[in-house]
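**Q**
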Amino acid sequence: MDLFTLKYGLFSDKPDLLHNLPSLQKMKDRFPRYIKRAERAQMMGRTIAREVLLPKVLELDTKCQKDPSYVDWELFKELNRRKALTGFVPEKMGGLGWSALDCFAFIEESFAACVGISAWYLFNLFGVACAFVEFKPEICIKILQDMVKAQREGKPLSFAWSITEPSAGTDAEDPLAMAKMKPSAYAKKVSGGYLINGRKQFITNGDLAHFVVATICTDPTRPAVESMGTFYFPTTTKGFSVERLEHKCGHKAKHTAALVFDDVFVPDADVWEEPGRGMRHTREILSITRGVVGMLGLGNARGALERCIQFASQKKVNGHRLIDENWVQIAIADMLKDIMILRAKCYDFAIALDKLHVFCILENIPAKAALKVLPESLLMSESLQALAKSPWLSKAVSRFKHSLVTDETMEYFASQGSALKVAGTDLAMNVSSRVLDITGIEGMAYRYGMEKIYRDAKASQIYEGTNQANRIDLFMQEIGEVIGSC
Amino acid sequence: MLTEDYKEILDVSRKFAAKEIGQHILDIDLEPSIEWTKALWMKSREVGFPGLVIPESHGGFSQTGLCAALVLDSLASECAGAASIFAHHYAACKCIMAGNTTQQKTYLPQFANSNAEDAVISTVVFLPSFEDNKLHFHEKKGRLVLSGKSELTANAFLARYFCVFLDEGNQGKDITCIVIDKNDPGVKIGDSAGFTGLKINPFAPVIFDEVTIERERFIGERGKGFEIMRSTEDLYHGLLAASAMGAARTAYRKARAYAAERYQYGTMIINHQEIQRMLGAMLMKLGIGTSGYIQAMAGESVELPFAEARSRFAKIFCTDSAVEIVIDAIQVHGGYGYMHDYGVEKIFRDVKVLHLLGGSSPRLHMQTIVETM
Numbered sequence: 001m002d003l004f005t006l007k008y009g010l011f012s013d014k015p016d017l018l019h020n021l022p023s024l025q026k027m028k029d030r031f032p033r034y035i036k037r038a039e040r041a042q043m044m045g046r047t048i049a050r051e052v053l054l055p056k057v058l059e060l061d062t063k064c065q066k067d068p069s070y071v072d073w074e075l076f077k078e079l080n081r082r083k084a085l086t087g088f089v090p091e092k093m094g095g096l097g098w099s100a101l102d103c104f105a106f107i108e109e110s111f112a113a114c115v116g117i118s119a120w121y122l123f124n125l126f127g128v129a130c131a132f133v134e135f136k137p138e139i140c141i142k143i144l145q146d147m148v149k150a151q152r153e154g155k156p157l158s159f160a161w162s163i164t165e166p167s168a169g170t171d172a173e174d175p176l177a178m179a180k181m182k183p184s185a186y187a188k189k190v191s192g193g194y195l196i197n198g199r200k201q202f203i204t205n206g207d208l209a210h211f212v213v214a215t216i217c218t219d220p221t222r223p224a225v226e227s228m229g230t231f232y233f234p235t236t237t238k239g240f241s242v243e244r245l246e247h248k249c250g251h252k253a254k255h256t257a258a259l260v261f262d263d264v265f266v267p268d269a270d271v272w273e274e275p276g277r278g279m280r281h282t283r284e285i286l287s288i289t290r291g292v293v294g295m296l297g298l299g300n301a302r303g304a305l306e307r308c309i310q311f312a313s314q315k316k317v318n319g320h321r322l323i324d325e326n327w328v329q330i331a332i333a334d335m336l337k338d339i340m341i342l343r344a345k346c347y348d349f350a351i352a353l354d355k356l357h358v359f360c361i362l363e364n365i366p367a368k369a370a371l372k373v374l375p376e377s378l379l380m381s382e383s384l385q386a387l388a389k390s391p392w393l394s395k396a397v398s399r400f401k402h403s404l405v406t407d408e409t410m411e412y413f414a415s416q417g418s419a420l421k422v423a424g425t426d427l428a429m430n431v432s433s434r435v436l437d438i439t440g441i442e443g444m445a446y447r448y449g450m451e452k453i454y455r456d457a458k459a460s461q462i463y464e465g466t467n468q469a470n471r472i473d474l475f476m477q478e479i480g481e482v483i484g485s486c
Numbered sequence: 487m488l489t490e491d492y493k494e495i496l497d498v499s500r501k502f503a504a505k506e507i508g509q510h511i512l513d514i515d516l517e518p519s520i521e522w523t524k525a526l527w528m529k530s531r532e533v534g535f536p537g538l539v540i541p542e543s544h545g546g547f548s549q550t551g552l553c554a555a556l557v558l559d560s561l562a563s564e565c566a567g568a569a570s571i572f573a574h575h576y577a578a579c580k581c582i583m584a585g586n587t588t589q590q591k592t593y594l595p596q597f598a599n600s601n602a603e604d605a606v607i608s609t610v611v612f613l614p615s616f617e618d619n620k621l622h623f624h625e626k627k628g629r630l631v632l633s634g635k636s637e638l639t640a641n642a643f644l645a646r647y648f649c650v651f652l653d654e655g656n657q658g659k660d661i662t663c664i665v666i667d668k669n670d671p672g673v674k675i676g677d678s679a680g681f682t683g684l685k686i687n688p689f690a691p692v693i694f695d696e697v698t699i700e701r702e703r704f705i706g707e708r709g710k711g712f713e714i715m716r717s718t719e720d721l722y723h724g725l726l727a728a729s730a731m732g733a734a735r736t737a738y739r740k741a742r743a744y745a746a747e748r749y750q751y752g753t754m755i756i757n758h759q760e761i762q763r764m765l766g767a768m769l770m771k772l773g774i775g776t777s778g779y780i781q782a783m784a785g786e787s788v789e790l791p792f793a794e795a796r797s798r799f800a801k802i803f804c805t806d807s808a809v810e811i812v813i814d815a816i817q818v819h820g821g822y823g824y825m826h827d828y829g830v831e832k833i834f835r836d837v838k839v840l841h842l843l844g845g846s847s848p849r850l851h852m853q854t855i856v857e858t859m
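Residue numbers (my numbering), protein chains in the order written: chain A, 1 to 486; chain B, 487 to 859.
1) Given this structure, state the Cα-to-Cα distance separating residue 21 of chain A from residue 344 of chain A, to the nearest angstrom.
2) Express the C-alpha separation of residue 838 of chain B and residue 104 of chain A in angstroms, rounding to a whole number.
3) Here's the rule: buried if 16 or more other CB atoms are within 10 angstroms of the residue's CB, otherwise exposed. What is residue 74 of chain A?
4) Any chance you could list the alpha helix (DSSP H) runs of at least 4 consecutive residues sitting entirely within the region 580-652 of chain B, in chain order?
5) Measure the Cβ-Cβ separation of residue 638 of chain B and residue 689 of chain B and say whether it is below 8 Å.
6) Quick check on DSSP: helix, strand or coil for residue 320 of chain A?
7) 8 Å is my cut-off, CB to CB: does residue 50 of chain A come that close to chain B?
8) What did DSSP end up calling residue 106 of chain A once you bin it into helix, strand or coil?
9) Skipping 5 residues on each side, what residues in its chain have a beta carbon closer than 6 Å to that of residue 833 of chain B?
10) What does the alpha-carbon distance come out to for the pair residue 42 of chain A and residue 850 of chain B?
11) Any idea what DSSP makes of residue 527 of chain A, helix, strand or coil?
12) Got a sec: is the Cβ-Cβ distance from residue 147 of chain A to anything in chain B below 8 Å?
13) Under 7 Å, CB to CB, which of the residues in the region 305-316 of chain A have a partner in chain B?
14) Run through the DSSP bridge pairs and tell me what residue 64 of chain A is partnered with.
15) Per DSSP, which one or two residues make a beta bridge with residue 750 of chain B?
16) Rounding to the nearest angstrom, what Cα-Cα distance links residue 486 of chain A and residue 470 of chain A in this structure?
17) Quick check: is the beta carbon of residue 153 of chain A nearer than 8 Å to any beta carbon in chain B?
18) Is there at least one non-hydrogen atom of the ligand COA closer than 7 Å to the beta-carbon of residue 638 of chain B?
19) Can you confirm whether the region 200-215 of chain A touches the region 148-163 of chain A when touching is taken to mean that 3 or more C-beta pairs between the two stretches lie within less than 8 Å?
20) Does the region 174-187 of chain A come into contact with the region 215-233 of chain A, if we say contact requires no fewer than three beta-carbon pairs (one atom in each stretch) closer than 8 Å?
21) Do we get a CB-CB distance below 8 Å when we pair residue 454 of chain A with the residues of chain B?
22) Please state whether DSSP places residue 501 of chain B in a helix, a strand or coil.
23) Nearest to residue 251 of chain A by alpha carbon, out of A:63, A:234, A:376?
24) How about residue 637 of chain B: is its C-beta nearer than 8 Å to some C-beta of chain A?
25) When you compare the CB positions of residue 830 of chain B and residue 815 of chain B, do they come within less than 8 Å of one another, or not?
26) Closer than 7 Å by C-beta to residue 132 of chain A: which residues in its own chain qualify, once you throw out the five before and the five after it? Chain order, please.
27) Who pairs with residue 161 of chain A in a beta bridge, going by DSSP?
28) Do you know offhand how far residue 346 of chain A's Cα is from residue 356 of chain A's?
29) Please decide whether residue 106 of chain A counts as near chain B, where near means a Cβ-Cβ distance under 8 Å.
30) Residues of chain B with a CB under 7 Å from the CB of residue 202 of chain A: which are they?
31) Check the Cβ of residue 87 of chain A against every Cβ in chain B and list those closer than 9 Å, keeping chain order.
32) Considering Cα atoms alone, identify which of A:169, A:466, A:435 is closest to residue 330 of chain A.
33) Go through the region 18-87 of chain A residue by residue and report every complete run of the alpha helix (DSSP H) that reaches 4 residues or more, in order.
34) Closer than 7 Å between beta carbons: that is the criterion. Which residues of the region 737-749 of chain B meet it against chain A?
35) Do you know offhand how far residue 37 of chain A's Cα is from residue 99 of chain A's?
36) Which stretch, first to last residue, makes up the alpha helix (DSSP H) that contains residue 282 of chain A?
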């Protein structure tokens, strides 16, 4: 049985962004380029999902079950060739110049094909997001340039964003919890930098990373939140090691590593956030990535439902198709309804990111002007890096960014993202379980890929802050101030 | 309701499960092998499990369905896959017990494993969900032959005997039950369906390619096996319910223990009301589900004034609940719950298969009402 014969969802030939989000039609009148590009990003995502990801989904799940360190480098090359990893890099620097809306339109399709593979190649961008959140020009420019170079050379360039510790998952992400966190890693001030010792747990791509961005406390005598800083170092640094890769229930194509830091030296220049400001840095990244995980949940649910629709339209029961049954149609409609509502919120979040969050920076006049005026050769040159290092520019750009993305904006997005994250991942769990109730035991057969989606879904309710922690966060942001109990 | 007899059997069963299954199961789950499962079966013969529900006169222990359910609950608390092997075997025993004296004498001592050198495991093949898997009889050179494929058969690589139900009239009424030997010409076992749950009991298609069916293979009369199927399903559903509760109980225990160890938000997470709510809801579902299957399996020995206890209800409630319990048990564990070493994610994979075996919940609900029409 070929699971994909109906032209629907991932297998429909027409872009359906405007069909799914009718209000964008009004926006298209006003901002035709913005919406047309998103439509193109959706179709690019769909093509990649169909041509590159789907043939690999079960193969990778099986191989990584046997060997959690397995990487399909051919798959990497193909994704890289199609610029799936550098879509957000400005066009003039060699990327696709994606807006947040474009990114969301693309990743929805990728997640619907496989959240495991998608998390492997897309969560890498969380590390890049770390740099942009900081928006120190020398860091951003260097990372963009390095990524473009790596893309051109067909080489991987991975970043691992390291927050969770063996003793602190939620505690390392939530301001209330962090006040009482017991860290397992510390950075000690030494001449010219810091020495880091300790462990990080469940780090995505921890074994593949070329660079680590880690939030780490510096002062054991004070509450963690007061001394947490953000440190950046290459994984070739002496004292860095990968202790093990986890055997997970799902998400197998995405490696999850336990990291050990044994006197890892980080020079002062690579301290991205001074001790005491690391929490803010974490929060700002989470304010974006939680929305992305909400979208992951949506993709996961879509992947399950679309496979179920294909299955149910082919299987015959008592002289008719499974999908002709009344209860099946109602169940599918019920799930479609949830997906439609969630999708509206996801794209609302994406468009808001474009308007108010880091994505607006490149759209803003000074950056836009710079990108327009500067020739490509200069954008990719070391002299630009050198220029960016000058303290006045660094300070000016950083201030410019913080004036655009204020603390209020960040906290606002954190609560919006929390809502999305909980709604999306709970829906993923729900739908991936319910579609199996429709297919019955036969749908559990490995080859249909539906039970894999069910296994994948569970992780998303946990990472990026458990859904319980996200609910507390949402409550505190929305209601906490009103009732005055924070 | 529970006699001393039960208690003794349960005690044996718990010890057996802890020693022979619990200690090894996480390693085995990563690389399951038929040899290990067969060896487990051979060990289970020493404590009499294969013949538990078979009459003493045929080499068994004459225990009730309720006793079998409690034993599977305790086995499933270490591994639902192990329980599922016995659930299908006991269901097959139930079929044969509905057969004539000759059939009982032929098969039951073997099923009880009282006189065999090798493991003799049986399994049951219920009606398929979909038409493309249909089994059917046809005539060939004056012989009656069976052809078709049972897409998902439990114990497929283990079983010597298959108790197979067929629906000749396509209406779910003219049911025929036959017993088939793996060694009959024309019986083939296909590739594993690759379920990621109940891994020590791989499910696979069994292909019947013009298998000659002699008269003595019919359990009951041809076309009149509806009642046999119904009573087999009753036992089977009760056993699945019990297995789901056993597996979910372990998930609960692990979550409860972890909650008392894990420090987050400045305190052990058991002190958070939301965690208490989640754990409390798990325990409630375990309590109601367990008494539900016990009542259903106790049958007429328990008189209920208003309601009826059916093992199908118990199966739906217990497996629905088990799925919910395990999802929450992983949640309480956070990221660790998703990792193999903690043993909860295995239960998560296992119970979803139990959930769908014997019919998915919506289908079983509908069937209940259709029967009243």
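In this text, a Cβ means the ideal position worked out from N, Cα and C, and glycines have one as well.
**A** In this structure, then:
1) For the purposes of this step, residue 21 of chain A is taken as residue 21 along the first sequence, with counting starting at 1. For the purposes of this step, residue 344 of chain A is taken as residue 344 along the first sequence, with counting starting at 1. Rounded to whole angstroms, residue 21 of chain A to residue 344 of chain A spans 7 Å at the Cα level.
2) Taking the first residue of the first sequence as position 1, residue 104 of chain A is located at position 104. Taking the first residue of the second sequence as position 1, residue 838 of chain B is located at position 352. Each residue's alpha carbon lies about 31 Å from the other.
3) Here the question's residue 74 of chain A lines up with position 74 in the first sequence. When all chains shown are included, residue 74 of chain A counts as exposed.
4) 587-597
5) Position 152 of the second sequence, counting from 1, holds the residue named residue 638 of chain B. Position 203 of the second sequence, counting from 1, holds the residue named residue 689 of chain B. Taking 8 Å as the Cβ cut-off, residue 638 of chain B and residue 689 of chain B qualify as a contacting pair.
6) As a position in the first sequence, residue 320 of chain A is number 320, starting the count at 1. Reduced to three states, the DSSP call for residue 320 of chain A is strand.
7) If you number the first sequence from 1, residue 50 of chain A lands on position 50. Residue 50 of chain A does not count as touching chain B.
8) Reading the first sequence from its first residue, position 106 is the one you call residue 106 of chain A. Of the three classes helix, strand and coil, the one that applies to residue 106 of chain A here is helix, per DSSP.
9) As a first step, residue 833 of chain B is located in the second sequence; it is residue number 347 there, counting from the start. Closer than 6 Å at the Cβ level, and outside the excluded window around residue 833 of chain B, lie 733, 737, 812.
10) For this step, residue 42 of chain A is matched to residue 42 along the first sequence. For this step, residue 850 of chain B is matched to residue 364 along the second sequence. In a straight line, the C-alpha of residue 42 of chain A is about 40 Å away from that of residue 850 of chain B.
11) The structure shown has nothing for residue 527 of chain A, since chain A only spans 1 to 486.
12) Looking up residue 147 of chain A in the first sequence gives position 147. So, not an interface residue.
13) 315, 316
14) On the first sequence, position 64 is the one that residue 64 of chain A refers to. DSSP, once it has assigned bridges, lists no residue as partnering residue 64 of chain A.
15) On the second sequence, position 264 is the one that residue 750 of chain B refers to. BP columns for residue 750 of chain B point to B:753.
16) For the purposes of this step, residue 486 of chain A is identified with residue 486 of the first sequence, where counting begins at 1. For the purposes of this step, residue 470 of chain A is identified with residue 470 of the first sequence, where counting begins at 1. Annotation note: pLDDT 47 at residue 486 of chain A (below 50); position unreliable, no value reported.
17) As a working mapping, residue 153 of chain A is identified with position 153 in the first sequence. Output row for residue 153 of chain A: interface = no.
18) Absent from the structure shown: the ligand COA. Ligands present: none.
19) yes
20) yes
21) Locating residue 454 of chain A in the first sequence gives position 454, counting from the first residue. By this cut-off, residue 454 of chain A is an interface position.
22) Working through the second sequence from its first residue, we reach residue 501 of chain B at position 15. Helix, per DSSP.
23) Numbered from its first residue, the first sequence carries residue 251 of chain A at position 251. When only C-alpha atoms are compared, the closest one is A:63.
24) For this step, residue 637 of chain B is matched to residue 151 along the second sequence. Yes - at least one Cβ of chain A is within 8 Å of the one on residue 637 of chain B.
25) Counted from its first residue, the second sequence places residue 830 of chain B at position 344. Counted from its first residue, the second sequence places residue 815 of chain B at position 329. Their beta carbons are under 8 Å apart, which means residue 830 of chain B touches residue 815 of chain B by this criterion.
26) Taking the first residue of the first sequence as position 1, residue 132 of chain A is located at position 132. Here the set comprises 140, 358.
27) Counting from 1 along the first sequence, the entry for residue 161 of chain A is found at position 161. For residue 161 of chain A, which the question treats as bridged, DSSP gives the partners A:213.
28) Indexing the first sequence from 1 puts residue 346 of chain A at position 346. Indexing the first sequence from 1 puts residue 356 of chain A at position 356. Those two C-alpha atoms are separated by around 15 Å.
29) On the first sequence, position 106 is the one that residue 106 of chain A refers to. Closer than 8 Å: no.
30) In the first sequence, the residue the question calls residue 202 of chain A occupies position 202. In chain order: 821.
31) Counting from one through the first sequence, the residue named residue 87 of chain A turns up at place 87. Those within 9 Å of residue 87 of chain A in chain B number zero; the least Cβ separation is about 29 Å.
32) As a working mapping, residue 330 of chain A is identified with position 330 in the first sequence. With distances taken between Cα atoms, residue 330 of chain A lies closest to A:435.
33) 24-30, 32-48, 57-66, 73-81
34) 749
35) Along the first sequence, one-based indexing puts residue 37 of chain A at 37. Along the first sequence, one-based indexing puts residue 99 of chain A at 99. The straight-line gap from Cα to Cα measures roughly 9 Å.
36) For the purposes of this step, residue 282 of chain A is taken as residue 282 along the first sequence, with counting starting at 1. Residues 278-314.
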